[in-house]
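Trainee: Just dropping this structure here.
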Amino acid sequence: GIILFVLMAGYLPFDDPNLMNLYKKIQRANFLVPSWFSSGAKNLIKRILDPNPLTRITISEILQDEWFKKDYHPPSFADEADVNLDDVDAAFSDSGEHLVTERRERPASMNAFELISGSQGFSLESLFNKEPG
């Protein structure tokens with residue numbers, strides 16, 4: 001819905017420099033639809049940007065929307081039944097010498113003291129060099 005709005009309007013439906021105000025606008029669906037939007041586009045975008053998931057339009061309902069279906073032609077995919085994989089196999093069969101393999105090395109085992117003492121941000125020296133008294 002946001003992307004459709006931006007593509008049609010050229011700007012975001014919800015905008016505010018204050019983050020809390022922005023969230024309130026989104027939660028209330030507080031936005032203005034430009035006057036150049038058709039009534040079908042206005043209705044569809046308002047239903048898509050409905051903040052209530054129970055009343056928001058579903059994908060199947062979007063696909064049945066009159067504005068959405070206008071001049072829409074679903075894609076048709078041609079079946080490519082005569083695919084010959086011999087050429088693909090021949091192209092890759094001699095590439096074994098260039099094969100990259102993944103080596104998994106186990107990380108070094110460290111206890112908490114080793115981990116902390118290895119960090120530059122922590123110095124435990126003061127704990128061990130105290131003089132009694």
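For the sequence shown, full-length UniProt numbering gives the first residue as 1, with consecutive numbering after it. We put the beta carbon where it would ideally sit given N, CA and C, even for glycine. None of the values given here were measured: they were computed from a predicted structure.
1) Count Cβ pairs between the region 28-45 and the region 3-17 that sit closer than 8 Å; are there 3 or more?
2) Are three or more beta carbon pairs between the region 53-70 and the region 34-43 nearer than 8 Å?
3) Are the CB atoms of L12 and A29 within a distance shorter than 9 Å?
4) Please return the same chain residues whose Cβ sits closer than 7 Å to the Cβ of F14, not counting the five positions on each side in sequence.
5) Measure the alpha-carbon distance for T58 versus S35 and round it to whole angstroms.
6) DSSP state of A78, grouped into three classes?
7) What residue range does the alpha helix (DSSP H) around K46 cover?
Mentor: Reading off the structure:
1) yes
2) yes
3) no
4) If the five residues before and after F14 are omitted, its C-beta is found closer than 7 Å to the C-beta atoms of L22, K25, I26, F31, all from its own chain and listed in chain order.
5) Cα-Cα distance, rounded: 25 Å.
6) In this structure, A78 counts as coil in the three-state DSSP scheme.
7) From DSSP, the alpha helix (DSSP H) with K46 extends over 39-48.
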